[in-house]
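A short worksheet on the structure shown next.
In the numbering used here, the protein residues as written are 13 to 206.
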């Protein structure tokens with residue numbers, strides 16, 4: 013084998029995938045889309061730029077394809093990136109405004125969530141029309157009760173548990189965007205007080 017043969021084989025070799033790849037009929041996240049997003053996130057974090065926030069990572073989405081990355085592995089990695097960005101934002105805010113101001117803001121945000129969740133069960137969020145699907149009311153109410161207990165009583169609840177919350181659909185269910193916004197706000201509070 014000549015040195016040129018070695019160079020050619022090195023040039024054509026493909027880097028191993030960053031995450032496990034789905035097989036069979038199982039779909040996963042589009043590999044190039046994930047790789048591009050995570051490379052941009054790494055660049056933004058390492059350059060200490062404000063181009064990317066924890067909220068941006070939380071709402072990132074990728075097409076589902078056969079032979080894509082395993083969803084749970086990517087979601088776990090995105091959770092770690094979100095945590096790191098939230099920690100950096102917290103450190104910056106504490107440096108500029110003081111720890112007291114940061115804690116007071118987190119307390120205010122928690123109170124807004126608690127006020128919302130004080131509504132009666134089955135009436136905590138707007139509902140879709142009778143013929144339109146929304147999140148299952150009983151499942152959302154269950155998670156809402158856990159959130160209220162966390163904020164009010166200090167019962168354990170993690171950002172990862174909320175990130176992985178999934179609800180089945182029902183006709184006339186809760187509006188997805190309202191529920192998702194409350195879950196996002198709660199994750200922000202959890203990350204703020206870590």
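Backbone N, C-alpha and C define an ideal beta-carbon position, used for all residues, glycine too.
*Would you list, in sequence order, the uninterrupted beta strand (DSSP E) runs of no fewer than 3 residues that lie entirely inside the segment 59-143?*
Whole beta strand (DSSP E) segments, 3+ residues: 76-78.
*Could you name the residues of the same chain whose beta carbon sits closer than 8 Å to that of residue 65, not counting the 5 residues immediately before and after it, in chain order?*
Taking C-beta separations shorter than 8 Å and ignoring five residues to either side along the sequence, the partners of residue 65 in its chain run 97 and 101, following chain order.
*asked:* Counting C-beta neighbours from all protein chains within 10 Å, is the total for residue 76 16 or more, i.e. buried, or is it exposed?
replied: Flag for residue 76 reads exposed.
*On the three-state DSSP scale, how would you describe residue 276?*
Outside the displayed range of the chain (13 to 206) lies residue 276, so it cannot be described from this structure.
*Can you grab the Cα-Cα spacing for the pair residue 200 / residue 194, in whole Å?*
C-alpha separation (whole angstroms): 10 Å.
*Under a Cβ-count criterion, where at least 16 other Cβ atoms within 10 Å of its own Cβ denotes burial, should residue 205 be classed as buried or exposed?*
It counts as exposed.
*If you scan the segment 146-171 from start to end, which runs of the alpha helix (DSSP H) of 4 or more residues do you find wholly inside it?*
For the segment 146-171, the full-length alpha helix (DSSP H) segments reaching 4 residues or more read 149-165 along the chain.
*asked:* DSSP three-state label for residue 33, please.
replied: Three-state result, residue 33: strand.
*Out of curiosity, what's the CA-to-CA distance linking residue 67 and residue 37?*
So the alpha carbons of these two residues sit roughly 31 Å apart.
_residue 148 and residue 175 closer than 9 Å at C-beta_ = Result no, Cβ atoms of residue 148 and residue 175 do not sit closer than 9 Å.
*Kindly indicate which three-state DSSP category residue 183 falls into: helix, strand or coil?*
Strand.
*Less than 8 Å between the CB atoms is what I'm expecting for residue 126 and residue 164, so what's the real figure, rounded?*
About 6 Å; that satisfies the 8 Å criterion.
*Evaluate residue 144 with the Cβ neighbour count: other Cβ atoms within 10 Å of its Cβ, from every protein chain shown; 16 or more gives buried, anything less gives exposed.*
Flag for residue 144 reads exposed.
*For residue 164 and chain B, any beta-carbon pair shorter than 9 Å?*
Here chain B cannot be found, since the structure has a single protein chain.
*asked:* Residues in the same chain with beta-carbon distance under 6 Å from residue 20, minus the five sequence neighbours each way, listed in chain order, please.
replied: Confidence in residue 20 is poor, its pLDDT being 40 and thus under 50, which makes the residue's placement unreliable; the coordinate value appears in the next sentence. The answer is none, since no qualifying residue turns up.
*asked:* Quick check on this structure: which residue in 104, 43, 120 and 160 has the alpha carbon closest to the alpha carbon of residue 85?
replied: When only C-alpha atoms are compared, the closest one is 43.
*Find out if the Cβ-Cβ distance for the pair residue 152, residue 185 is shorter than 9 Å.*
Taking C-beta atoms as the reference points, residue 152 and residue 185 count as a pair closer than 9 Å.
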